[in-house]
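Read the structure below first, then the notes.
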Amino acid sequence: MKRIHISFYSLVAVLLIIGIIIFACLPFVLNGEEKKYKIAVIMGSSQSNGWDTYIEGLFNASEDYPSDIYIVPTNDYLGSDKVIEMAQEQVRQGADALILQSNDGTLLSGSLSKLPFDIPVVIVDGYDSTPDMVRDCRAFMGFDYIAVGKSLAGEAEKVFSTGIADKKIGIISTSTKQYNIEIMKSSLENEIANLGGTIAWEYEYNGGDEKYENLIQQKIYKYPVDILIALDNDSLEAAIRCKTDHMNNSNIAMIGVGTSSMVLYHLDTGVVDALIVPDYFAMGYSTVRQINAKLEAGYADFKDEIHTFRIIYRDTMFDEDQQKYLFGIY
Numbered sequence: 112m113k114r115i116h117i118s119f120y121s122l123v124a125v126l127l128i129i130g131i132i133i134f135a136c137l138p139f140v141l142n143g144e145e146k147k148y149k150i151a152v153i154m155g156s157s158q159s160n161g162w163d164t165y166i167e168g169l170f171n172a173s174e175d176y177p178s179d180i181y182i183v184p185t186n187d188y189l190g191s192d193k194v195i196e197m198a199q200e201q202v203r204q205g206a207d208a209l210i211l212q213s214n215d216g217t218l219l220s221g222s223l224s225k226l227p228f229d230i231p232v233v234i235v236d237g238y239d240s241t242p243d244m245v246r247d248c249r250a251f252m253g254f255d256y257i258a259v260g261k262s263l264a265g266e267a268e269k270v271f272s273t274g275i276a277d278k279k280i281g282i283i284s285t286s287t288k289q290y291n292i293e294i295m296k297s298s299l300e301n302e303i304a305n306l307g308g309t310i311a312w313e314y315e316y317n318g319g320d321e322k323y324e325n326l327i328q329q330k331i332y333k334y335p336v337d338i339l340i341a342l343d344n345d346s347l348e349a350a351i352r353c354k355t356d357h358m359n360n361s362n363i364a365m366i367g368v369g370t371s372s373m374v375l376y377h378l379d380t381g382v383v384d385a386l387i388v389p390d391y392f393a394m395g396y397s398t399v400r401q402i403n404a405k406l407e408a409g410y411a412d413f414k415d416e417i418h419t420f421r422i423i424y425r426d427t428m429f430d431e432d433q434q435k436y437l438f439g440i441y
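According to the working numbering, the stretch in the sequence shown is residues 112 to 441, in order.
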């Protein structure tokens, strides 16, 4: 029996040919599989009900623009240093893009420059003056917070037939260092002053405060107010619990910004008099769409976006148009 002798070089040539064949056939093997980009989402208190609508928008968009959305679990409010630290870790783990939100309002160019320039980053509820050299991979999503603040004051004015000239107002919010809260609060204060109202007190909720409702109650007992205005969903939920659980549904009027099922329920029951509902669903959807377009074609525009909000009342919340808006039906 003859032995077949194959030289080393012949063996290498055969292996190279086999490799080329496998590589050439790979697209056919993977045919039908869509590339999915990994998008990491880092925001303060990601488990908060206030983010539900935004997250729903993200996942809804991921079906049309194939993406793996990973919500990084967070229980507390986050400062910019912590956000950037967590973002760097997500990049190391293979994130193709980042969605970030900071509670101290300092996610500015100095912080963002610590992230790779070619990683698309969307900042939620914030603003920045990032240098042009990295601007094409940075976008900011938010609302007209000045208009929101004015609308809150306008709704307070409508609660009483005589307006708010002789009324006392309490304002509650999460961190006032947060960009959107700071702008809303300043706008609200200016408009209340213009309307002749009096701000009796302001309370800042920094998260993790188990006695939040009790503190609101103590504020109200010590410094009675006619109207409570909440600048964000978490604050509004806490104010609702205070009014329903501890104050026996007092006659204090309540107005706020919110999107969760809890605040909508209490708008329907009359606990909340008027509700400002930002279109977080549309913002979430647009965030993924923009990121996907940027990753697919690096030359695609990456733009800041100002999204809409609506004022919803008990007697209009079940209108077909309002229901579509509230539940992201387009």
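The beta carbon of each residue, even a glycine, is placed where N, CA and C say it ideally should be.
Let's see if you can read the secondary structure: which residues bound the beta strand (DSSP E) around Tyr376? Premise fails: Tyr376 lies in the alpha helix (DSSP H), 372-379, not in any beta strand (DSSP E).
Collapsed DSSP secondary structure at Val383 in the structure displayed: Coil, per DSSP.
Quick one: give me the first and last residue of the alpha helix (DSSP H) that Phe254 is part of. Phe254 -> not in any alpha helix (DSSP H); beta strand (DSSP E) instead, spanning 249-254.
Distance, Cα to Cα, Ser397 vs Leu226? So the two alpha carbons sit approximately 22 Å from each other.
Which same chain residues end up closer than 6 Å to Met394 when comparing Cβ atoms and leaving out the 5 residues on each side of it in sequence? So the qualifying residues of the chain are Met252, His418.
Given a threshold of 16 other Cβ atoms within 10 Å of its Cβ, counted over all protein chains shown, does Asp243 qualify as buried or as exposed? Caution is warranted here: a pLDDT of 45 is assigned to Asp243, below 50, making its placement in the model unreliable, and the coordinate value is therefore given only provisionally. The residue is exposed, with fewer than 16 neighbouring Cβ atoms inside 10 Å.
For the alpha helix (DSSP H) holding Asp179, just list the boundary residues, first then last. For Asp179, there is no enclosing alpha helix (DSSP H); the enclosing beta strand (DSSP E) has its first and last residue at 178-182.
Nearest CA to the CA of Ala264: which residue from Asp384, Tyr188, Ile327? The shortest C-alpha separation from Ala264 is found at Asp384.
Could you check where the beta strand (DSSP E) with Leu342 kicks off and where it finishes? Here Leu342 belongs to no beta strand (DSSP E), and DSSP marks it neither H nor E.
Suppose contacts are defined by Cβ-Cβ distances below 7 Å. Is Ile150 in contact with Ile327 by that definition? Contact: no.
Looking at the unbroken alpha helix (DSSP H) that takes in Phe392, where does it start and where does it end? From DSSP, the alpha helix (DSSP H) with Phe392 extends over 391-407.
Consult DSSP for Phe170 and reduce its assignment to one of helix, strand or coil. Secondary structure of Phe170 (DSSP, three-state): helix.
Run the CB neighbour count on Leu437, radius 10 Å, all protein chains shown included, and call it buried at 16 or more, exposed below. With 16 or more Cβ atoms within 10 Å of its Cβ, Leu437 is classed as buried.
Cα separation between Glu266 and Ile280? Between Glu266 and Ile280, the C-alpha separation is close to 12 Å.
Between the segment 148-167 and the segment 196-214, can you find at least three pairs of beta-carbon atoms closer than 8 Å? Flag = yes, the segment 196-214 and the segment 148-167 touch.
Alpha helix (DSSP H) runs contained entirely in the segment 257-324, provided each spans 4 or more residues: Counting whole runs of 4 or more residues, the segment 257-324 contains the alpha helix (DSSP H) stretches 290-306.
Hey, quick one: how far does the beta strand (DSSP E) through Met365 stretch, first residue to last? Met365 -> beta strand (DSSP E) spans 364-368.
Bridge partners - Ala206, DSSP secondary structure assignment: Answer by DSSP bridge pairing: none, since Ala206 is not bridged.
Arg249, buried or exposed, once every other Cβ within 10 Å from all chains shown has been counted against 16: Buried, because 16 or more other Cβ atoms sit within 10 Å of the Cβ of Arg249.
Candidates Asp277, Leu342, Ala206, Ser284, of which the one nearest Pro389 by Cα: Taking only the C-alpha atoms, the option nearest Pro389 is Leu342.
Tyr148, enclosing beta strand (DSSP E) - first and last residue: Counting along the chain, the unbroken beta strand (DSSP E) around Tyr148 starts and ends at 148-153.
Three-state secondary structure (DSSP) at Val336? DSSP places Val336 in coil when its eight states are reduced to three.
Once you ignore the five residues that flank Ile195 on each side, which residues in its own chain have a CB closer than 6 Å to its CB? Counting only Cβ-Cβ distances below 6 Å, and skipping sequence neighbours, we find Ser222, Lys225.
Using DSSP with H/G/I as helix, E/B as strand and the rest coil, what is Leu211? Here Leu211 sits in strand by DSSP.
Lys225 CB to nearest chain C CB: under 7 Å? Checking the listed chains, one finds no chain C in this structure; it contains a single protein chain.
Judging by CA-CA distance, which residue of Gly369, Val183, Val235, Glu167 is the nearest neighbour of Ser284? The option with the nearest alpha carbon to Ser284 is Gly369.
Smallest Cα separation from Ile292: which of Tyr316, Tyr332, Ile182, Met197? Ranked by Cα distance from Ile292, the options Tyr316, Tyr332, Ile182, Met197 are led by Tyr316.
From Met373, Val336, Asp345, pick the residue whose C-alpha is nearest to that of Ala364; which is it? Cα-wise, what sits closest to Ala364 is Val336.
Roughly how many whole angstroms lie between the Cα atoms of Asp229 and Leu209? Taking the straight line joining both Cα atoms gives about 11 Å.
Phe254 and Phe392: beta carbons closer than 7 Å? Not in contact: Phe254 and Phe392 (Cβ atoms no closer than 7 Å).
DSSP beta-bridge partners for Phe420? Among the bridge pairs identified by DSSP, Phe420 is matched with Pro389.
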